[in-house]
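Participant:
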Amino acid sequence: MGDDARAVTPRDATGTLSLLATTLKQQKERPQGPFPSTTPADWTLSGDGLAGAPARPNNGVTMMPAPFTKPAAKPSPRSRILPAALSALMIFGAMTAAAPHALAAAAAHGTDQSNLVERARVTVDDLRKDKEFGNARELMKRAKGVLIVPQLIKGGFFVGGEGGDAVLLTRGPDGEFSYPAFYTLGSASFGLQIGVEQAELVMFIMSDKALASVLQDEFKIGAQAGLAVVTLGSTAEAATPTSLNGDIIVWSSASGAYAGLTLNGSILKPRDSWNEAYYGKPEPVSAIVSKRSAKNADADGLRRNLATIR
Numbered sequence: 001m002g003d004d005a006r007a008v009t010p011r012d013a014t015g016t017l018s019l020l021a022t023t024l025k026q027q028k029e030r031p032q033g034p035f036p037s038t039t040p041a042d043w044t045l046s047g048d049g050l051a052g053a054p055a056r057p058n059n060g061v062t063m064m065p066a067p068f069t070k071p072a073a074k075p076s077p078r079s080r081i082l083p084a085a086l087s088a089l090m091i092f093g094a095m096t097a098a099a100p101h102a103l104a105a106a107a108a109h110g111t112d113q114s115n116l117v118e119r120a121r122v123t124v125d126d127l128r129k130d131k132e133f134g135n136a137r138e139l140m141k142r143a144k145g146v147l148i149v150p151q152l153i154k155g156g157f158f159v160g161g162e163g164g165d166a167v168l169l170t171r172g173p174d175g176e177f178s179y180p181a182f183y184t185l186g187s188a189s190f191g192l193q194i195g196v197e198q199a200e201l202v203m204f205i206m207s208d209k210a211l212a213s214v215l216q217d218e219f220k221i222g223a224q225a226g227l228a229v230v231t232l233g234s235t236a237e238a239a240t241p242t243s244l245n246g247d248i249i250v251w252s253s254a255s256g257a258y259a260g261l262t263l264n265g266s267i268l269k270p271r272d273s274w275n276e277a278y279y280g281k282p283e284p285v286s287a288i289v290s291k292r293s294a295k296n297a298d299a300d301g302l303r304r305n306l307a308t309i310r
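Numbering of the sequence shown is given in the UniProt record's numbering, commencing with residue 1 and proceeding in unit increments.
In structure tokens form, the structure reads like this:
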């Protein structure tokens, strides 16, 4: 320490605290507005303490009291509530702005399945009205199930692949059709497609063996599966009693590039995400079409249309 410095003793601290207490009391009692000439700002520092301040023993310790400040006003309930309310409104606004996008995405996903079911209903109408295919009624009476592809797309260059979304409905012991299970039908390979054409397609599943194959997680259509697949055009001269004995009989509304339609090598797979979205719960296709574990009144029109072909 320097020559003029010394250690602060408990007595020093007591004197200092007493001085501060007196100063604060004077500040509290002083009225608001301009201060008299003996305000703390007029006090001066002297060797023995503060000139102008009340005399108090301080044992040589000199201090300048803190400048007087008006105590902060106590916040009112309204001033506390307003920021909280504004924060809540901002959060609510953000949620409201985001909600339409989420709802629109969900609605669009649901519409995909509903649109496919409606297009399948129209395809059944087209099949029923096809004068060149009078055997449709006979096929429907015997069919174990029906797989409908409302729009099958085929490329006519480099790779002649097929592809489209489908619905499968099976006939129960009571003669009524199940609610649809969603599938996708695609070729084994894909490439640049030029001159794309499209057509409707209905597959009559005529045997229990064929139905069991379709209900697998993945079914590759072709002779290697041990199934007889017969493809018919809308000019149904090929629809003879002999040709109606296949395990799977395919009707197509197509012409042109589809005159020689073949599904050999095409792969049929369930669309589990679509089934879950349509029925609101995850269900395997076998449960939907065989155990009748799921229903959606949106498909009643399609089921009624199928029932009229008899």
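Where a beta carbon is used, it is the ideal one built from N, C-alpha and C, also for glycine. The model shown is predicted, which means the values in this text are computed figures rather than measured ones.
(1) Please classify P173 as buried or exposed, where buried requires at least 16 neighbouring CB atoms within 10 angstroms.
(2) Please return the same chain residues whose Cβ sits closer than 7 Å to the Cβ of D125, not counting the five positions on each side in sequence.
(3) State the start and end residues of the unbroken alpha helix (DSSP H) segment that holds S273.
(4) One question on the structure: do R121 and T184 come within less than 7 Å of each other, judged by their Cβ atoms?
(5) Using the three-state DSSP reduction, which class does A97 fall into: helix, strand or coil?
(6) In this structure, how does DSSP classify K141 when only helix, strand and coil are distinguished?
(7) Tell me the rounded alpha-carbon separation between V285 and K131.
(8) Just to confirm, is the Cβ distance from I309 to R119 under 7 Å?
(9) Nearest to S273 by CA position, among A166, E283 and V230, is which residue?
(10) Taking just the CA atoms, how far does T123 sit from I148?
(11) Could you tell me the alpha carbon to alpha carbon distance between I249 and F182, rounded to whole angstroms?
(12) In the DSSP assignment, find the beta strand (DSSP E) that holds G186 and state where it starts and stops.
(13) Apart from the five residues just before and just after A88, which ones in its own chain have a Cβ nearer than 7 Å to its Cβ?
(14) Under DSSP, the beta strand (DSSP E) around I288 begins and ends at which residues?
(15) Exposed or buried, which one is S114 when buried takes at least 16 other CB atoms within 10 Å?
(16) What residues match up with M203 in a beta bridge as DSSP calls it?
(17) Count the other C-beta atoms from every protein chain shown that fall within 10 angstroms of the C-beta of R171, then say buried if there are 16 or more, exposed otherwise.
(18) Just tell me which of L211, V167 and A199 has its CA closest to the CA of A143.
(19) Once DSSP output is grouped into helix, strand and coil, what is the label at A307?
(20) Between which two residues does the alpha helix (DSSP H) holding L211 run?
(21) Near M203, which residues of its chain fall below 6 Å by C-beta distance, leaving aside the five closest residues on each side in sequence?
(22) Please state the DSSP three-state secondary structure of D300.
(23) How many whole angstroms separate the CB atoms of R303 and L169, which I take to be in contact at a CB cut-off of 8 Å?
(24) Please tell me whether L152 and L201 are closer than 7 Å, where the distance is taken between their beta carbons.
(25) Taking its Cβ as the centre, do 16 or more other Cβ atoms sit within 10 Å of D208, making it buried, or is it exposed?
(26) Would you kindly work out how many angstroms separate the C-alpha atoms of K295 and K281, rounded to a whole number?
(27) L139 to G246, Cα distance in whole Å?
(28) Using only the alpha-carbon positions, how far apart do D112 and A299 sit?
(29) To the nearest whole angstrom, what separates the beta carbons of V167 and L232, a pair I think is in contact under 8 Å?
Facilitator: Judging by the given coordinates:
(1) exposed
(2) Excluding sequence neighbours, D125 sits near N305.
(3) Per DSSP, S273 belongs to the alpha helix (DSSP H) from D272 to Y279.
(4) no
(5) Reliability of the predicted coordinates at A97 is poor, the pLDDT of 49 falling under 50, and the value obtained from them is presented with this limitation in mind. Helix, per DSSP.
(6) helix
(7) 33 Å
(8) Cβ atoms of I309 and R119: not closer than 7 Å.
(9) E283
(10) 8 Å
(11) 19 Å
(12) A181 to G186
(13) Confidence in A88 is poor, its pLDDT being 49 and thus under 50, which makes the residue's placement too unreliable to answer from.
(14) Careful: I288 lies outside any beta strand (DSSP E), inside the alpha helix (DSSP H) at V285 to V289.
(15) S114 should be labelled exposed.
(16) Paired residues: L147 and V250.
(17) Label assigned to R171: buried.
(18) L211
(19) Secondary structure at A307: helix, using DSSP grouped into helix, strand and coil.
(20) D208 to V214
(21) L147, I248 and V250
(22) helix
(23) About 7 Å; that satisfies the 8 Å criterion.
(24) yes
(25) exposed
(26) Those two C-alpha atoms are separated by around 11 Å.
(27) Inter-residue distance for L139 and G246 is about 11 Å (C-alpha atoms, whole angstroms).
(28) 13 Å
(29) Wrong, their Cβ atoms sit about 20 Å apart, outside the cutoff.
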